[in-house]
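Here the structure comes first, spelled out in structure tokens, and everything after it is commentary.
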């Protein structure tokens, strides 16, 4: 038995070496990405210790005293904690719905266009906002919403017989503004993902449906959308993992630090940044980041588990 096991182990080792020799080019291609993830994702995990310590810069991270869960209390002891968490989760739920429906709808419409040059023009135009910094977008928004010089207050509203509005002091408008900007900026990139998925659908399915008398709408409903469902579910699972996080650039730069808007624009990321800027408490900010990561991991595992229980083929892993 021992000799047989030894022979088997040797055969396995030989096979492993052969696999490495045959695929060394592909493994070499993967190496930069592996090193990137190792350096920027795994090695920084050492910083998790900061979330459980009171950092003394003279002693360093390892020698600083442990404080347990004390840093986590800062977030929940704050009187605005409920508002901050409500804003974070509420906005992400809206972004989740619109960030799925709108790109899918745009991708389907583009897939039905016959003029490829027109499709490329539209696709390029929609991709441009994705590459514009939120800082730049904030000044574009200000050019529209400024009370004294904004295009809306100086041109559009007077033409409609309406009085100018001080947009940066009226919080009721900002949930709609932020949702619109987030959807506008992410529409093109999201649509490209679904356009690529649509391109991979077997065209013979449409041809067979057309022969059977199916209309374009019926082909979309019974062929295209079901074929897209796997990609849609995977994208949803990934977005659900970010439910406890928020786009810092959107919520910090667009409102331009106007305190009147904090009740509807303050999220966990902006709250932690402002607290860190005022208090300089690195442990508190690390605790908030660690909490966001843990919640995101749990949400991904739960959502993927639910999807796998319903349809294993559509799960992420």
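Residue numbers (our numbering): 1381 to 1697. Glycine residues also receive a C-beta, built at the ideal position from the N, C-alpha and C atoms.
{"Item": "Alpha helix (DSSP H) segment containing residue 1483, residue limits", "Value": "1461-1491"}
{"Item": "6 Å Cβ shell around residue 1610 - same chain, five flanking residues per side excluded", "Value": "1694"}
{"Item": "Which listed residue (1561, 1661, 1551, 1536) has its alpha carbon closest to that of residue 1513", "Value": "1561"}
{"Item": "Beta-bridge partners of residue 1446, as assigned by DSSP", "Value": "1433"}
{"Item": "Where residue 1667 sits in the DSSP three-state scheme", "Value": "helix"}
{"Item": "Short Cβ contact (7 Å threshold) for residue 1459 with residue 1551", "Value": "no"}
{"Item": "Spatial distance of residue 1685 from residue 1539 (CA atoms)", "Value": "55 Å"}
{"Item": "Beta-carbon proximity check, residue 1652 vs residue 1668, cutoff 7 Å", "Value": "yes"}
{"Item": "Helix, strand or coil at residue 1495 [DSSP, three-state]", "Value": "coil"}
{"Item": "Straight-line Cα distance separating residue 1451 from residue 1437", "Value": "17 Å"}
{"Item": "Extent of the continuous alpha helix (DSSP H) to which residue 1564 belongs", "Value": "1554-1579"}
{"Item": "Cβ pair count under 8 Å reaching 3, the stretch 1590-1610 against the stretch 1496-1510", "Value": "no"}
{"Item": "Contact under 7 Å by Cβ, residue 1376 with residue 1482", "Value": "Outside the shown range of the chain (1381 to 1697) lies residue 1376, about which nothing can therefore be said."}
{"Item": "Contiguous beta strand (DSSP E) assignments of at least 3 residues, all confined to the stretch 1576-1618", "Value": "none"}
{"Item": "CB contact flag (residue 1520, residue 1662, <7 Å)", "Value": "no"}
{"Item": "Beta carbon of residue 1624 nearer than 7 Å to that of residue 1570", "Value": "no"}
{"Item": "The ligand FMN heavy atom lying under 6 Å from the CB of residue 1578", "Value": "As far as ligands go, the structure on display features none, and thus does not contain the ligand FMN."}
{"Item": "Residues of its chain near residue 1430, where Cβ-Cβ distance is below 7 Å and the 5 sequence neighbours each way are ignored", "Value": "1441, 1662, 1663, 1666"}
{"Item": "Distance CB(residue 1468)-CB(residue 1626) smaller than 7 Å", "Value": "yes"}
{"Item": "Residue 1584 classed as buried or exposed, judged by whether at least 16 other C-beta atoms fall within 10 angstroms", "Value": "exposed"}
{"Item": "Distance, residue 1494 Cα to residue 1673 Cα", "Value": "44 Å"}
{"Item": "C-beta atoms of residue 1474 and residue 1559 nearer than 7 Å", "Value": "yes"}
{"Item": "Alpha helix (DSSP H) segment containing residue 1645, residue limits", "Value": "1642-1645"}
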